[in-house]
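Working notes for the structure below.
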Amino acid sequence: MEGLSPEEWTAVRLSLKVASVAMAASLAPGIAIAFLLERGRFWGRQALDVLVHLPLVLPPVVVGWFLLIGFGRRGPIGAFLAEHFGIVFSFRWTGAALACAIMGFPLLVRAIRLSIAAVDRKLEDAAGTLGANPTWVFAVVTLPLIVPGIIAGMVLSFAKAMGEFGATITFVSNIPGETQTIPTAIYAYTQVPGGEGGALRLTLVSIAISILALWLSEWLARRARRRIHG
Amino acid sequence: MILDVDIRHEQGAFSLQTRFRSDGKLTALFGPSGSGKTTLVNAIGGLVRPDHGRIVVKERVLVDTKADVFVPKHRRRIGYVFQEARLFPHLNVRQNLLFGRFFTPRRERRASFDHVVGLLGIGHLLARRPSTLSGGERQRVAIGRALLADPQLLLMDEPLASLDEARKAEIYPYIERLRDEGGVPIVLVSHSVAEIARLATSIVVLSEGRVAASGPAAEILRHTSLFAQTGLAEAGALIEAKVLRHEDAFGLTVLQAGAGLLTVPRLERPAGTRLRVRLRARDIILSLRKPEGLSALNVLPGVISSIEDAEGASMDVQLDCGGDRLVARVTRKSVAELGLTPGLPIHAIIKSIAFDPEAVADTRPGTM
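As you go down the protein sequences, you meet chains Z and D in turn.
Just so you know, we're using our numbering here: the first sequence kicks off at 12 and counts up by one.
Just so you know, we're using our numbering here: the second sequence kicks off at 136 and counts up by one.
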C-alpha cells in the first residue's frame with residue numbers, strides 16, 4: 012500500500028483545519044450558552060434549549076439546506092456578511108467550518124453544561140464573601156472547575172467536525188482543495204471505479220486521528236482533574 | 136454597636152423573626168437545629184436576602200428593605216467560615232489564603248499574612264492541596280482565608296461541627312486568641328453549650344426563628360431553663376459495629392452494623408475490631424424515600440417502631456434498622472407533614488461526620 016497522494020493530503024489538512032476552527036470558534040459561545048441554559052432564568056430559555064439541540068436531531072442535510080438558504084451568497088445573513096465584512100461561507104472552507112461548528116455545538120454545550128451543574132455553588136458563595144464579584148467568581152472559581160467538561164466538549168465537537176458529512180456537502184459541496192474534507196473525499200472515492208485504495212487510506216488516517224484526539228483529551232482531562240482535586 | 140439586626144424572613148414554612156443588638160467580641164448564636172441560626176448568619180453575610188428589616192454592622196447599613204438597600208455579599212467585607220470549610224479545591228493552601236486579599240483594596244490590607252499563618256499554625260501546610268488536609272487543618276485554613284480578606288466582622292457557622300472532640304480542642308485556642316486579640320468581632324453559630332460557655336462573650340438564644348434571649352454570656356448562661364427549652368438534651372442510640380474495611384483514598388472507614396454499612400472518618404483500628412458507635416438523635420434525618428444526590432454517606436433503611444414526645448416542638452422517633460435501634464429527633468411538624476407513624480418504612484440519613492470517635496469504644500462481642 013502506497014502513501015497518501017497530494018490530493019489526499021490536502022483533504023486531511025483541510026479536515027484538520029475545518030475541525031480545529033469549528034471547535035475553537037464555538038468554544039466561547041458554547042460556554043456562554045451552557046451557562047445561560049444551566050443558570051439562567053429568563054423567558055425563552057426552553058426555546059433556546061430546543062434551538063441549540065436541533066442539529067442533534069435534525070437530518071444533517073436539513074441543517075445544510077438551512078445554511079445554504081441563510082448563509083448562501085444570496086441568503087439574508089450570507090449577503091449581509093459578504094457585503095459588510097467580506098466574509099463568504101458558500102463553497103468555501105469557512106462554510107464547512109460553520110456547518111461543522113453548528114453540528115457539533117449541541118455536543119459541546121451538553122458536556123459543558125453538565126460540568127457547570129456539578130460545580131458546588133457553595134464554593135461560589137464562599138468566593139463572594141471573600142470579595143469576588145460575580146465576574147471574578149466565574150473567572151477564578153467556576154471556570155477552572157469546569158475545565159474537564161470543557162475539554163470533553165471540545166473533543167466531542169472536534170470529532171463531530173472530523174466526521175461531518177451531510178450538512179457540509181449540502182452547504183458547501185465537495186470541491187477538492189476548498190471544501191473536500193476526509194469524509195466527503197472518501198465518499199467521492201467510493202463513487203469512482205478503482206477508488207477503494209484511496210478510500211481505505213483516508214479511512215485509516217481518520218481512525219488514527221480519532222484515536223489520537225481521544226487519547227489527548229483523556230490525558231488533558233486527567234491532568235485537569237489532578238489540578239482540581241490535588 | 137457592632138451588630139444591629141431586625142429582620143423578618145419567610146423560607147418555605149419556616150419563618151424567622153429576629154431582633155437583637157450585640158456589642159460583644161464574640162457573639163454566639165445558640166439554638167437547636169432548625170431554629171434559624173444559619174438563615175440569620177446568611178442574612179448578615181449577604182447569602183440570603185431578608186424579606187423585611189434592617190441589618191447594620193459597625194454603623195454601616197447593609198440591608199434596609201424600606202430604603203431598598205441591599206449590599207451584595209462581595210461588597211460587605213464580612214468574612215464567613217462555613218461548616219464545611221469550602222476551600223477552593225483547585226488552589227493550594229497559600230492561594231486559598233490569599234484569595235480574599237486579592238479583592239481587598241491595597242490601603243485596607245491590614246492583616247499580615249505571616250501573623251495570621253502563625254496565629255493559626257498553618258505555616259507547614261502552604262503548598263498543600265485542600266484535599267490532603269485533615270478536617271481541623273481545613274477549618275484553620277478557612278479561618279485564615281476569611282481573616283486575610285480584612286473583614287469588618289467574622290461569621291462562623293458551626294465551624295467545628297464536623298470535627299471530633301480532639302480536633303475541636305485543637306481549634307478552640309485559635310478562636311480564643313482571635314477573640315482576645317480584639318481585631319475582628321466574631322459571630323459564632325453553635326448548638327453546643329460547652330462550646331459557647333467556653334468562647335462566647337455575648338449570647339443570642341434562638342428558638343424556632345425567634346430570639347428567646349440575648350445578652351452578656353454570663354447572664355444568659357445562668358438561665359439554664361432557656362437551654363432546656365431549646366431541646367438540646369443529648370438523646371442518642373448506641374449500636375455495635377465491626378470495622379469492615381478502610382477506604383484510604385477518602386480517609387474513611389466502613390463499619391458493618393446490624394442496620395447496614397456505616398461510613399465514618401478513618402478510625403485507626405484494624406479490620407474486624409468491634410466497636411460501639413453512638414448516633415445522636417439530632418444527627419439523624421428521616422426520609423420517606425431513599426434519597427439520592429445527597430452528600431451524607433450513610434443511609435439506613437428501617438421501620439418506625441414508636442414515636443415519643445420530646446421537649447418542646449420535637450419528637451423522638453424510635454427506629455428499627457435491621458435489629459439496631461436508632462432514635463431520630465425531629466420536629467412535631469415533620470412528624471405530621473411526613474405522616475410518620477409506627478410501622479412505616481423509612482430511611483435514616485446520618486452524616487458520616489456526625490460520628491463522634493470519642494463515643495467509639497472498643498468492645499468485645501456480647502458486651503452490649
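From the three backbone atoms N, C-alpha and C, an ideal C-beta is built for every residue, glycine too.
Does residue i have its Cβ less than 9 angstroms from a Cβ in chain Z?
i: residue 278/D; result: no
i: residue 208/D; result: yes
i: residue 173/D; result: no
i: residue 281/D; result: yes
i: residue 212/D; result: yes
i: residue 307/D; result: no
i: residue 403/D; result: no
i: residue 359/D; result: Here the model assigns residue 359/D a pLDDT of 45, short of 50, so the residue's position is not dependable, and the following value carries that caveat. With 9 angstroms as the cut-off, residue 359/D does not count as an interface residue toward chain Z.
i: residue 217/D; result: yes
So what's residue i in DSSP terms, helix, strand or just coil?
i: residue 5/Z; result: No information on residue 5/Z is available, as it lies outside the stretch 12 to 241 that chain Z covers here.
i: residue 231/D; result: helix
i: residue 177/D; result: helix
i: residue 64/Z; result: helix
i: residue 27/Z; result: helix
i: residue 201/Z; result: helix
i: residue 222/D; result: coil
i: residue 497/D; result: Residue confidence is low: residue 497/D scores 42 on pLDDT, short of 50, so the model does not pin down where it sits. Its coordinate-derived value is still stated next. Residue 497/D: strand per DSSP, three-state reduction.
i: residue 191/Z; result: coil
i: residue 20/Z; result: helix
i: residue 468/D; result: helix
i: residue 436/D; result: strand
i: residue 459/D; result: strand
i: residue 349/D; result: strand
i: residue 46/Z; result: helix
i: residue 381/D; result: strand
i: residue 57/Z; result: helix
Identify the contact partners of residue i in chain Z, using a Cβ-Cβ distance below 9 angstroms as the criterion.
i: residue 284/D; result: 140, 141 and 142
Within 9 angstroms of any Cβ in chain D, is that where the Cβ of residue i sits?
i: residue 147/Z; result: yes
i: residue 56/Z; result: no
i: residue 156/Z; result: yes
i: residue 239/Z; result: yes
Tell me whether residue i counts as near the ligand ADP, meaning its Cβ is closer than 8 angstroms to at least one heavy atom of that ligand.
i: residue 217/D; result: Among the ligands in the structure shown, none appear at all, so the ligand ADP cannot be discussed.
Starting from residue i, trace the alpha helix (DSSP H) in both directions and tell me its first and last residue.
i: residue 132/Z; result: 132 to 140
i: residue 146/Z; result: 145 to 148
i: residue 250/D; result: 248 to 255
i: residue 328/Z; result: The shown model of chain Z, from 12 to 241, leaves out residue 328/Z, and the question about it has no answer.
i: residue 280/D; result: 270 to 282
i: residue 168/Z; result: 158 to 174
i: residue 315/D; result: 300 to 316
i: residue 95/Z; result: 87 to 95
i: residue 116/Z; result: 104 to 128
i: residue 181/Z; result: 177 to 183
Along the chain, where does the beta strand (DSSP E) that runs through residue i open and close?
i: residue 399/D; result: 395 to 400
i: residue 420/D; result: 419 to 422
i: residue 387/D; result: 387 to 392
i: residue 145/D; result: 138 to 146
i: residue 240/D; result: Element bounds for residue 240/D: n/a, residue is neither H nor E.
i: residue 189/D; result: 187 to 192
i: residue 207/D; result: That residue, residue 207/D, is in no beta strand (DSSP E); it is neither H nor E in DSSP.
i: residue 214/D; result: 213 to 216
Just the chain D side, please: which residues come within less than 7 angstroms of residue i by C-beta, in chain order?
i: residue 130/Z; result: The contacting residues do not exist; residue 130/Z stays about 11 angstroms from chain D at best.
i: residue 152/Z; result: 223
Residue i touches chain Z at which residues, Cβ-Cβ below 8 angstroms?
i: residue 476/D; result: By Cβ distance, chain Z contributes nothing, its closest Cβ being about 35 angstroms from residue 476/D, past 8 angstroms.
(Q) Short of 8 angstroms Cβ to Cβ, which residues in the region 133 to 144 of chain Z face chain D? (A) Answer set for the region 133 to 144 of chain Z: 133, 134, 136, 137, 138, 139, 140, 141, 142, 143 and 144.
**Q.** chain Z contacts made by the region 177 to 191 of chain D, where a contact means CB separation under 8 angstroms
**A.** 180, 181 and 182
Q. Just by C-beta distance, which residues in the region 224 to 249 of chain D are closer than 7 angstroms to chain Z?
A. 224, 225, 234, 235, 238 and 239
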